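Encoded as structure tokens, the structure appears first; notes follow it.
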Amino acid sequence: MVNGDFAKLTRKHGIKISASFACTVEEIGLAVGEKVGHGSIKSLARMNSAVVIFLDQVEKVNCVIETGITVSEEANSQLEGPLTIQELQTALQGMQGRRAPLSCRRAVITLLPKKGNVQDIKNWRPVSLLSVDYKLLSKALATRLGRAVEQVIHRDQTYCVPGRSMVDNIHLIRDVLEVSSSLDINTGLISLDQEKAFDRVEHSFLWKVMEKFGFSAGFIAKIKVLYNNIESVLKFNGGLCAPFRVCRGVRQGCALSGMLYALSLEPLLNKIRSKLQGLFLPGFNGNMVLSVYADDVVVFVRDQNDIDSLVDIVREFSSASAARVNWMKSEALTVGEWSGGLPVLPQNMVWRKYGFKYLGVFLGKGIVVLKNWEDVMEKIEGKLSKLDVSSSETPGLTVALCRSKTLCLQQLVDAVGPELSDAQALVSLLGLHSVRVAQRILLLWSQILCPEEKGLLRSYGQGGARPDPADPFPEIYLSPGLGELTGPLLQSARDSRVSSLF
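Okay, so the sequence shown: first residue is 1 according to full-length UniProt numbering, each after it adds one.
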């Protein structure tokens with residue numbers, strides 16, 4: 001509530017604010033300070049403009065996130081309680097890596113290519129590499145939040161909610177298309193493309209949403225600790241840029257990010273559920289309006305009124321939350337005859353008739369579904385060609401040995417030494433991509449050789465022994481799976497006492 005001191009300040013500067021307005025002095029002061037500077041206010045007009053803009057934004061946010069769904073008192077009690085040793089131990093055991101952290105507030109952002117032209121920065125996905133202590137705390141809080149989030153996240157959103165799976169979304173869309181087609185029910189599906197979804201989450205909006213959903217102030221404060229005054233450095237071209245402040249977005253790499261994003265999106269989904277008619281199927285009680293997995297949102301529309309309402313809801317939500325739907329990249333699919341004509345889509349979108357791709361799976365009619373099997377055999381053969389099915393411990397070794405023409409132990413000793421210890425040399429010799437794999441191969445070979453053979457190798461390395469037909473050394477070969485091949489040149493490899501070292 002606006003208190004008396006601030007009312008005097010606003011009257012002094014000619015600003016009229018209702019005393020019953022539901023916002024704090026700190027919020028208004030922060031907004032004014034960001035607009036006109038935190039020092040002395042030199043421009044009355046600028047202050048008026050700043051406060052009016054801020055109050056208008058607060059009103060929009062309150063309107064968008066109004067909901068009657070809240071978490072239970074019992075859930076809040078569990079969320080607010082101190083972290084237990086058992087929770088920290090469970091989180092620690094579920095983590096990978098053992099490096100000590102440098103800072104909890106700083107993350108290293110690395111870019112992963114998405115589909116499309118890699119020359120376009122929009123086709124790269126930023127992933128935050130976070131310190132171990134940050135991940136430990138966020139993992140513990142995420143485990144705790146996961147037990148309460150299902151109370152406020154509708155069942156049609158399956159992302160990061162325990163007990164729900166994206167497989168349910170795929171089966172739902174597939175069944176809707178089949179049933180609508182067989183019963184000749186006019187059905188429209190609009191797949192919304194959320195532009196930079198995770199990166200556009202406003203922190204202040206997220207805290208408001210959690211508050212409206214009934215999460216306690218204590219638990220929200222715990223989450224704020226992980227997002228207060230955070231910064232990142234970008235990793236590119238083998239180096240790191242200077243650190244910069246991060247003022248919005250949830251970090252992809254943080255254990256909490258999925259659930260926090262789902263919470264921030266839920267007000268939009270609630271509005272869509274309440275305003276759209278959606279799909280009615282014979283024999284079902286109620287309607288179906290949404291199928292959601294993270295930012296992959298499919299909306300079922302019944303007629304033009306549903307589409308108009310959807311556009312209005314998205315516009316209102318974008319104004320309040322900074323989220324943005326890219327209508328040009330969104331897709332729409334229609335099923336049925338639509339004798340009265342197809343509804344008009346926003347921004348020149350075009351209805352598809354055969355199917356579309358949802359969550360990586362092509363859904364729709366046969367001609368579209370067949371795309372799921374394109375190049376499958378080539379992909380499998382490509383993967384199998386990299387594996388050596390003769391041994392699960394050293395996959396791909398046969399190919400590497402044949403490619404490098406390394407067929408006897410003498411060649412290896414000359415490269416990696418008589419102790420069979422130079423993994424880097426083996427990487428260079430066989431063209432391997434991992435020193436760790438080379439170390440494992442050398443260890444396996446060393447375990448196969450008996451002490452007498454190892455002694456001969458050391459003597460050979462010191463110049464005290466030379467290959468001799470009477471010694472076992474020349475008879476130890478690396479036999480790369482010769483199968484049924486025969487011939488005099490292969491006889492020594494087949495008859496050797498140790499015919500295979502992998």
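The beta-carbon is built from N, C-alpha and C at its ideal position, and this holds for glycine as well.
Source: prediction; values computed, not measured.
query: With 16 as the cutoff for other CB atoms within 10 Å, does residue 445 come out buried or exposed?
result: buried
field: CA-to-CA distance, residue 108 to residue 129, given in whole angstroms
entry: 5 Å
- request: Alpha carbon to alpha carbon, how far is residue 202 from residue 216? Give it in angstroms, no decimals.
  value: 19 Å
query: In terms of residues, what are the limits of the alpha helix (DSSP H) holding residue 284?
result: Segment: none, residue 284 is in no alpha helix (DSSP H) and carries neither H nor E.
- request: Pull up the distance between the alpha-carbon of residue 146 and that of residue 162, whole angstroms please.
  value: 6 Å
task: Give the C-beta separation of residue 195 and residue 324 to the nearest angstrom, bearing in mind that I take them to be a contact with Cβ-Cβ under 8 Å.
output: 5 Å
Buried or exposed by the 16-neighbour rule on C-beta atoms within 10 Å, applied to residue 367: exposed
For residue 126, three-class secondary structure by DSSP: strand
message: Per the DSSP calculation, residue 194 is bridged to which residue(s)?
response: 325
- request: Compare the C-beta of residue 277 with all C-beta atoms of chain D and state if any pair is closer than 8 Å.
  value: The chain labelled as chain D is not found in the depicted structure, where only one protein chain is given.
- prompt: Got a sec? Which residues, its chain only, sit under 6 Å from residue 230 by beta carbon, not counting five neighbours each side?
  reply: 105, 246
task: Let me know if residue 209 comes out buried or exposed under the rule of 16 or more other beta-carbons within 10 Å of its beta-carbon.
output: buried
message: For the alpha helix (DSSP H) containing residue 291, name the first residue and the last one.
response: Where residue 291 is concerned, there is no enclosing alpha helix (DSSP H), although the beta strand (DSSP E) it sits in stretches over 290-293.
Euclidean distance between Cα positions of residue 475 and residue 461: Low confidence applies to residue 475: its pLDDT is 44, below 50, so where it sits in the model is not reliable, and the reading given next is rough at best. Cα to Cα, the separation comes out at about 17 Å.
message: Let me check one thing: in DSSP terms, what residues is residue 107 bridge-paired to?
response: 232
message: Only counting the same chain, and skipping five residues up and downstream in sequence, which positions put a Cβ closer than 6 Å to that of residue 91?
response: 136, 139, 140
Backbone secondary structure at residue 134 - three-state DSSP: helix
message: Quick check on the DSSP output: the beta strand (DSSP E) that includes residue 355 runs from which residue to which?
response: 355-358
message: Taking a contact to mean a Cβ-Cβ separation below 8 Å, would you say residue 426 touches residue 441 in this structure?
response: yes
Beta-carbon contacts of residue 295 that lie in its chain and below 6 Å, excluding the five residues immediately before and after: 194, 197
message: Let's see if you can read the secondary structure: which residues bound the alpha helix (DSSP H) around residue 398?
response: 397-404
- request: Keeping to the same chain, check which residues put their C-beta closer than 6 Å to that of residue 188; ignore five residues upstream and five downstream.
  value: 301, 334
query: On the three-pair Cβ rule with 8 Å, is the region 109-120 touching the region 159-177?
result: no
query: First and last residue of the beta strand (DSSP E) that includes residue 301?
result: 296-301
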